[in-house]
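Please read the structure below before turning to the comments.
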Amino acid sequence: MAYDLFQNASHTTVFGGSQGAHGGQSVVLTGGSVLSLLTTTGINVPIYARVPGAQNAAVPGAYSSTFSRQPLDVRATTETCRPLLGCTTRVSGFTFAVQAQVRPNCRVVADDLDFGQHGLLERSVDATSQVRVTCTAGTSYSMGLGYGLQAAGIGGRQMRDLAGHRVGYQLYRDAARTQTWGLVADGLATTDAGTGVSRPATVYGRVPAQPTPPPGAYSDTVVVTVTY
76 MAYDLFQNAS HTTVFGGSQG AHGGQSVVLT GGSVLSLLTT TGINVPIYAR
126 VPGAQNAAVP GAYSSTFSRQ PLDVRATTET CRPLLGCTTR VSGFTFAVQA
176 QVRPNCRVVA DDLDFGQHGL LERSVDATSQ VRVTCTAGTS YSMGLGYGLQ
226 AAGIGGRQMR DLAGHRVGYQ LYRDAARTQT WGLVADGLAT TDAGTGVSRP
276 ATVYGRVPAQ PTPPPGAYSD TVVVTVTY
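The working numbering applies: residue 76 is where the sequence shown begins, and numbers increase by one.
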């Protein structure tokens, strides 16, 4: 997992030094800061860290990096000069660790399923939509679709208008509309593994032929559940 260390809160000046090939800039202390450094009070030098985004391949786990090589990783150089005696340079080093924890995680975004405008429901009406799931790389997950607001089971999905009239419909996992989409507990969910990027899944909807209810706007709300 990539990261970097900066000298400023705006994360524009990379913390570095003359040792190694990483580049960046050292912190140079002058004036009163040097006096504080040479006393028992010491001085605090803040380090601003950032893990950049778009690191989709990072799998869940513990990540760490240790600055422990002496004196290459972290060093403080002080120079004391006296008249006629020249200058004395002292180098001291210390260690510290950078740590992060990536946890399994998933995000889901679902599009509306719109069957459009129709008159008599003398034949089936089909429509499709998409559900996009983004999970951390290597994270196994299952995605299920609920029964909607009007149904108590997988076979009773219905859209409803404000007057209480209803239109039956069903959701499927396949284009042939033979595999009903339900919950994990029904054994009717889909399974996949995360890659760190969005994975689309198509929802195949169908309003079967049925007695036509009064004209109006019919709708339902279906909950998408991702288990990981």
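Ideal Cβ positions, reconstructed from N, Cα and C, are used throughout, including at glycine. No experiment lies behind these values; they were computed from the predicted model shown.
Quick one: what does DSSP say residue i is sitting in, helix, strand or coil?
i, result
"A151", "strand"
"D267", "strand"
"A260", "helix"
"Q82", "coil"
When the Cα of residue i is compared with those of the options, which residue comes out closest?
i, options, result
"P121", "W256, D148, F90", "F90"
"T153", "R248, A185, Y293, S101", "S101"
"V184", "T277, L196, H86, A84", "T277"
"D187", "T164, G230, L246, A227", "L246"
"L225", "D236, C181, G219", "Looking at the sequence shown, residue 225 is not Leu but Gln. That would be D236, whose Cα lies nearest to the Cα of Q225."
"C171", "G161, R144, T163, A250", "The sequence shown places Phe at residue 171, not Cys. The option with the nearest alpha carbon to F171 is R144."
"V126", "C162, S140, N119", "S140"
"V259", "A250, Y293, G161, L220", "L220"
Spatial neighbours of residue i within its chain, please: CB distance less than 8 Å, with the 5 preceding and 5 following residues excluded, ordered by chain position.
i, result
"M124", "According to the sequence displayed, residue 124 carries Ala and not Met. The answer, listed in chain order, is Y78, D79, L80, F81, V173."
"T244", "Contrary to the premise, residue 244 reads as Tyr rather than Thr in this sequence. F190, R232, Q233, M234, G280, R281, V282, P283, D295, listed in sequence order."
"A238", "P289, G291"
"G194", "T287"
"C181", "V208, T209, C210, T211, T214, Y216, G269, V301, Y303"
Check the C-beta distance from residue i over to residue j and give it rounded, since I have them as a contact under 8 Å.
i, j, result
"M271", "L263", "The question names Met, yet the displayed sequence has Gly at residue 271. With a Cβ gap of about 27 Å, G271 and L263 do not count as contacting."
"T302", "Y216", "6 Å"
"V298", "V206", "Between V206 and V298 the Cβ distance is about 11 Å, and since that is not below 8 Å, they are no contact."
I'd like the list of long-range same chain contacts for residue i, defined as Cβ closer than 6 Å, with 5 residues on each side in sequence excluded.
i, result
"R150", "V166, G168"
"A133", "M76, V177"
"G213", "V134"
"A84", "Y123"
"Y138", "M76, A175"
Residues in the same chain with beta-carbon distance under 7 Å from residue i, minus the five sequence neighbours each way, listed in chain order, please.
i, result
"R252", "Y279, R281"
- Query: Quick check: the segment 281-297 against the segment 192-211, are there 3 or more CB pairs under 8 Å?
  - Reply: yes
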